[in-house]
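Structure first, commentary second.
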Amino acid sequence: MQSSRSNSLAQALAYAAEGLRYAVRTQRTFRIQLALAAAVGVVLLWVQAPALEAAVVVLAMIVVLAAELLNTGVEVVVDLLVDRNHHVLAKVAKDIAAAGVVVTVVGAAVIGFLVLGPRVGAAVGIDALTAARWSRVLAFVAVLAGAGILAQPPRGSPHARPAPPTLPHR
């Protein structure tokens, strides 16, 4: 009985690895996010962030990567189900999944600025108070940028948002 459990776990991990390879191979934004995560990892080592602070930043990066993987999964399933027939709800599903990624990226940026900003500032010779202030300013700018991205009117409609689509009644 133990053997079948380990086989199913091994199979589940193999499927997960296939999904990860697919995302790395086909998703440009996922590759960019991996590179940024690696760069942030180097910064964490450079400033010798305490374990708890490093854990918070690493967790934020993992959440972004997981959100991007889920977004890719939603896109693939929607494309499979909708095929060539465009449907407004397919667009809504993709847009919501993409918005989830933007929200996690903004959150990770805020965490990164607040946690790493003062440490990076100190490492390059900026006094602690100035570095802390600039970290807060940059975190606020990240929130504003994220809000600006999410508040953009839909493509093809510069003024108003269309009414949310609904499923037909049966």
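In this note's numbering, the protein residues as written are 1 to 170. Beta carbons are placed, not taken as given, at the ideal position from N, Cα and C, and that holds for glycine.
Residue environment, residue i, which counts as buried when at least 16 other CB atoms sit within 10 Å
i, result
"P118", "buried"
"N71", "buried"
"E68", "buried"
"S8", "exposed"
"G205", "Because the chain is modelled from 1 through 170, residue 205 falls outside the range shown and cannot be assessed."
"L20", "exposed"
"A55", "exposed"
"V64", "buried"
Proximity to residue i [Cα-Cα], best of the options
i, options, result
"G100", "E18, I149, L44", "I149"
"L114", "R136, V102, V141, A97", "R136"
"G107", "A139, V120, R28", "A139"
"Q33", "E53, M61, A12, A51", "M61"
"L144", "R133, A55, V103", "V103"
"V74", "V92, N85, H86, A17", "V92"
"A49", "L116, T130, W134", "L116"
First and last residue of the uninterrupted alpha helix (DSSP H) at residue i
i, result
"D95", "88-123"
"N85", "Where N85 is concerned, there is no enclosing alpha helix (DSSP H), given that its DSSP letter is neither H nor E."
"A139", "128-150"
"A37", "28-46"
C-beta atoms of residue i and residue j nearer than 9 Å
i, j, result
"V58", "L44", "yes"
"V105", "G41", "no"
"V47", "A142", "no"
Neighbourhood of residue i by C-beta distance below 7 Å, restricted to the same chain and skipping five residues each side
i, result
"R31", "V24"
"I111", "V56, V57, A60"
Cβ-based neighbour list, residue i, same chain, cut-off 6 Å, excluding 5 preceding and 5 following
i, result
"A109", "A142"
"A12", "none"
"Q27", "T72"
Proximal residues to residue i (C-beta, below 8 Å), its chain only, five neighbours per side dropped
i, result
"A151", "none"
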